[in-house]
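Using the working numbering, you'd call the opening residue of the sequence shown number 60 and step up by one each time.
Glycine included, each C-beta is placed from N, C-alpha and C at the ideal position.
Notes for the one structure printed next.
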Amino acid sequence: MQAELLVSVGNAGIWLDEHIRHLESHDILPVARAANDATYETDFGRIYLLAQDGALQVRIESPDEAALTTLQGSITHYLAETDPVLAKTITWSGVAPAPGQPKNFRKMTVAQVQPLSSWLLRMTLKGEDLAPFDQRGLHVRLMFPEVPGDRETVWPTIEPSGAVHYPDGDNSLTVRVYTIRQIRPESGEVDIDIVRHAGGAFADWSETAQPGDAVGMLGPGGGYFPPEGWLAIGGDDTAVPAILRILENRPNQTGGHVVIGLHSHQAPFEIALPANFMIDWVSTADLVDAMKAIAAPATGNGTYWFAGEAEQARALRTHFKSTLELPAERRSSAAYWRRTEPA
Ligand SMILES: Cc1cc2nc3c(=O)[nH]c(=O)nc-3n(C[C@H](O)[C@H](O)[C@H](O)COP(=O)(O)OP(=O)(O)OC[C@H]3O[C@@H](n4cnc5c(N)ncnc54)[C@H](O)[C@@H]3O)c2cc1C
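This is the structure:
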């Protein structure tokens with residue numbers, strides 16, 4: 060299915076260049092690029108951008124409506140960051156975003172919460188029609204009402220522009236990104252592994268969540284399985300669910316190097332490594348240096364992957380790109396959380 064957008068911006072060429080630069084900053088590269096157009100292939104479908112006659116044209120082709128909704132949302136999100144007033148006015152032709160809840164939203168309920176260790180909690184969620192969450196992207200947005208109470212929860216809706224509209228005021232939601240650690244679409248279950256840290260709205264809520272509590276789930280989005288071949292993969296506690304899921308999906312013949320950074324109150328645990336993988340457990344303070352110390356294989360073609368605190372992710376993004384000079388498809392460094400002063 061297909062959807063199109065025509066945005067009259069006058070300086071369309073500049074918008075196109077800016078949009079491409081924005082995607083490149085997320086390590087997303089076009090598969091084709093000419094002076095006034097660019098084409099992207101993603102797990103959610105194809106995006107075609109064209110700057111012509113004072114307008115920016117966007118065409119999306121996706122295999123299903125959930126994937127189309129995701130791509131429409133990401134285009135609108137970019138436009139909203141660049142020109143919020145303009146973004147409000149845009150409308151899609153072809154398959155326009157259907158009013159109501161986003162096609163990639165599921166209302167889930169808590170089935171079980173169990174501690175995996177002193178610092179990690181597993182929350183199992185139950186819901187329907189989960190097959191799309193097993194196919195694209197590793198991550199989801201989870202949400203619950205910010206203000207507890209008996210009134211009915213108001214979930215996000217989709218705006219005509221394709222943007223996700225989150226309720227505000229008394230109906231506000233606490234929204235956080237987590238990794239799907241395991242998914243069993245046949246039994247309608249998803250496991251989310253949550254790092255326990257006092258003072259986090261989501262972390263604190265998960266400690267007291269009860270079976271039957273409602274949780275909204277939007278996605279999947281972003282974070283892909285790295286390509287085949289040798290892999291250097293590292294991160295802190297928040298990246299452990301993603302690292303384990305990625306390692307479980309590595310074909311046996313590839314090797315690599317894992318580095319996990321732990322805080323002083325956390326202890327290493329048993330991990331079933333794929334063949335030819337080695338692992339280093341380090342303190343979070345040494346994580347960046349430990350990642351930098353991993354030597355690439357003599358054969359070349361290695362991939363470097365990191366996720367963790369924003370400053371560490373930034374340092375390693377620069378290292379992968381500028382020092383190791385890795386192409387975008389063989390490097391990824393993502394900020395999973397940002398150290399701020401607790402409110
Ligand atoms: C793509 C992606 C995937 C992620 N996957 C997971 C996952 O599978 N499991 C997981 O646990 N987290 C994961 N995270 C990280 C998680 O979203 C953040 O840690 C989030 O801030 C937790 O929300 P909170 O409401 O508990 O804390 P917040 O209310 O957001 O933060 C409150 C305070 O706690 C600090 N803080 C936030 N997170 C941590 C932390 N982990 N340790 C110590 N201090 C912290 C903040 O700096 C702030 O001062 C992921 C993030 C991204 C972007």
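Exercise. Quick one: does the C-beta of residue 396 sit closer than 8 Å to a heavy atom of ligand 1?
Worked result: In the sequence shown, counting from the first residue as 1, residue 396 sits at position 337. Within the cutoff, so yes.
For this session: With DSSP as the reference, label residue 265 as helix, strand or coil.
Result: As a first step, residue 265 is located in the sequence shown; it is residue number 206 there, counting from the start. Correct three-state label for residue 265: helix.
For this session: Rounded to whole angstroms, what's the CA-CA distance from residue 131 to residue 79? Just pull it up for me.
Result: In the sequence shown, counting from the first residue as 1, residue 131 sits at position 72. In the sequence shown, counting from the first residue as 1, residue 79 sits at position 20. Each residue's alpha carbon lies about 16 Å from the other.
Exercise. Can the beta-carbon of residue 388 be found less than 9 Å from the beta-carbon of residue 86?
Worked result: Here residue 388 refers to the residue found at position 329 of the sequence shown. Here residue 86 refers to the residue found at position 27 of the sequence shown. Contact annotation: residue 388 and residue 86 have beta-carbon atoms nearer than 9 Å.
Problem set entry | Whole-Å CB distance - residue 259 paired with residue 360, under 8 Å assumed | Stepping through the sequence shown from its first residue, residue 259 is reached at position 200. Stepping through the sequence shown from its first residue, residue 360 is reached at position 301. Cβ atoms of residue 259 and residue 360 stay farther apart than 8 Å, at about 38 Å.
Problem set entry | Assigned secondary structure, residue 192 (DSSP; H/G/I helix, E/B strand, else coil) | Position 133 of the sequence shown, counting from 1, holds the residue named residue 192. Helix.
Problem set entry | Sequence ranges, beta strand (DSSP E) only - wholly within the region 65 to 147, length at least 3 | Entirely contained in the region 65 to 147, the beta strand (DSSP E) runs reaching 3 residues are, in chain order, 96 to 101, 104 to 111, 114 to 120.
Exercise. Does DSSP classify residue 304 as helix, strand or coil?
Worked result: For the purposes of this step, residue 304 is taken as the residue at position 245 of the sequence shown. Residue 304 falls in the helix class under three-state DSSP.
Exercise. Would the beta-carbon of residue 86 be found less than 8 Å away from any heavy atom of ligand 1?
Worked result: By 1-based counting over the sequence shown, the position of residue 86 is 27. No; taking the cut-off as 8 Å, the Cβ of residue 86 has no heavy atom of ligand 1 nearer than that.
Exercise. Are the beta-carbon atoms belonging to residue 180 and residue 237 less than 9 Å from one another?
Worked result: Here residue 180 is taken as the residue at index 121 of the sequence shown, counted from 1. Here residue 237 is taken as the residue at index 178 of the sequence shown, counted from 1. Here residue 180 is not near residue 237, since their CB atoms are 9 Å or more apart.
Exercise. Could you give the distance in angstroms between the alpha-carbon of residue 93 and the alpha-carbon of residue 280?
Worked result: Start at 1 with the first residue of the sequence shown, and residue 93 comes out as number 34. Start at 1 with the first residue of the sequence shown, and residue 280 comes out as number 221. Near 28 Å, if we compare the C-alpha coordinates of residue 280 and residue 93.
For this session: Confirm the yes/no value for this check: CB of residue 148, any heavy atom of ligand 1, distance under 8 Å.
Result: For the purposes of this step, residue 148 is taken as residue 89 along the sequence shown, with counting starting at 1. Between ligand 1 and residue 148, a heavy atom-to-CB distance of less than 8 Å is absent.
For this session: Look up residue 325 in the DSSP assignment and say whether it is helix, strand or coil.
Result: The residue you call residue 325 lines up with position 266 of the sequence shown. Residue state, collapsed to three classes: coil.
Exercise. Going by alpha carbons, who is nearest to residue 190 out of 183, 163, 317?
Worked result: Counting from 1 along the sequence shown, the entry for residue 190 is found at position 131. Checking every option, the nearest Cα to that of residue 190 belongs to 163.
Exercise. Taking 9 Å as the CB-CB limit, is residue 147 close to chain B?
Worked result: Of the protein chains in this structure there is only one, and it is not chain B.
For this session: Grab the span of the beta strand (DSSP E) containing residue 185 for me, first residue to last.
Result: One-based indexing of the sequence shown puts residue 185 at position 126. Counting along the chain, the beta strand (DSSP E) containing residue 185 begins and ends at 179 to 185.
Exercise. How would you write the range of the alpha helix (DSSP H) that residue 206 sits in, first residue to last?
Worked result: Position 147 of the sequence shown, counted from the first residue, corresponds to residue 206. That residue, residue 206, is in no alpha helix (DSSP H); it is neither H nor E in DSSP.
For this session: Using the Cα positions of residue 366 and residue 298, report the straight-line distance between them to the nearest angstrom.
Result: Counting from 1 along the sequence shown, the entry for residue 366 is found at position 307. Counting from 1 along the sequence shown, the entry for residue 298 is found at position 239. Between residue 366 and residue 298, the C-alpha separation is close to 6 Å.
Exercise. For residue 232, which of helix, strand or coil comes out of DSSP?
Worked result: Counting from one through the sequence shown, the residue named residue 232 turns up at place 173. Residue state, collapsed to three classes: strand.
For this session: Just mark residue 156 as buried or exposed, buried being the case when its beta carbon has 16 or more other beta carbons within 10 Å.
Result: For the purposes of this step, residue 156 is identified with residue 97 of the sequence shown, where counting begins at 1. It is buried - the Cβ of residue 156 has at least 16 other Cβ atoms within 10 Å.
Exercise. For ligand 1, any of its heavy atoms closer than 8 Å to the Cβ of residue 192?
Worked result: Taking the sequence shown and counting its residues from 1, one reaches residue 192 at position 133. No, ligand 1 has no heavy atom inside 8 Å of this Cβ.
Exercise. Sorry if obvious, but does the Cβ on residue 300 come closer than 8 Å to a heavy atom of ligand 1?
Worked result: As a first step, residue 300 is located in the sequence shown; it is residue number 241 there, counting from the start. The answer is yes for residue 300.
Exercise. Where residue 142 and residue 75 are concerned, what is the direct C-alpha to C-alpha distance, given to the nearest angstrom?
Worked result: The count along the sequence shown starts at 1 and reaches residue 142 at position 83. The count along the sequence shown starts at 1 and reaches residue 75 at position 16. Straight-line measurement puts the Cα of residue 75 at about 14 Å from the Cα of residue 142.
Exercise. Regarding residue 137 and ligand 1, is the C-beta to nearest heavy atom distance less than 8 Å?
Worked result: Against the sequence shown, residue 137 aligns to sequence position 78. Checking every heavy atom of ligand 1 against the Cβ of residue 137, none is found closer than 8 Å.
For this session: Just tell me which of 73, 117, 72 has its CA closest to the CA of residue 65.
Result: Start at 1 with the first residue of the sequence shown, and residue 65 comes out as number 6. Ranking the options by Cα distance to residue 65, first place goes to 117.
Exercise. Is residue 399 near ligand 1, judged by its Cβ being under 8 Å from some heavy atom?
Worked result: Numbered from its first residue, the sequence shown carries residue 399 at position 340. For residue 399, the shortest separation between its Cβ and any heavy atom of ligand 1 lies below 8 Å.
For this session: Compare the Cα-Cα distances from residue 326 to each of 347, 342, 315 and report the closest residue.
Result: Here the question's residue 326 lines up with position 267 in the sequence shown. Comparing C-alpha distances from residue 326 to each of 347, 342, 315 shows the shortest one belongs to 342.
Problem set entry | Where the alpha helix (DSSP H) containing residue 197 begins and where it ends | On the sequence shown, residue 197 is found 138 positions in, with the first residue counted as 1. According to the DSSP assignment, residue 197 belongs to no alpha helix (DSSP H), since it is labelled neither H nor E.
Exercise. Where in the region 326 to 357 do unbroken runs of the alpha helix (DSSP H), each at least 4 residues long, occur, reported from the N-terminal end onward?
Worked result: With a minimum length of 4 residues, the continuous alpha helix (DSSP H) runs that stay inside the region 326 to 357 are 346 to 351.
Problem set entry | Cα-Cα separation between residue 324 and residue 177, rounded to whole angstroms | As a working note, residue 324 is residue 265 in the sequence shown. As a working note, residue 177 is residue 118 in the sequence shown. Roughly 9 Å between the two C-alpha positions.
Exercise. CB-CB under 6 Å to residue 15, same chain, minus the five flanking residues each way: which ones, in chain order?
Worked result: Residue 15 lies beyond the residue range present for the chain, which begins at 60 and ends at 402; the question has no answer from this structure.
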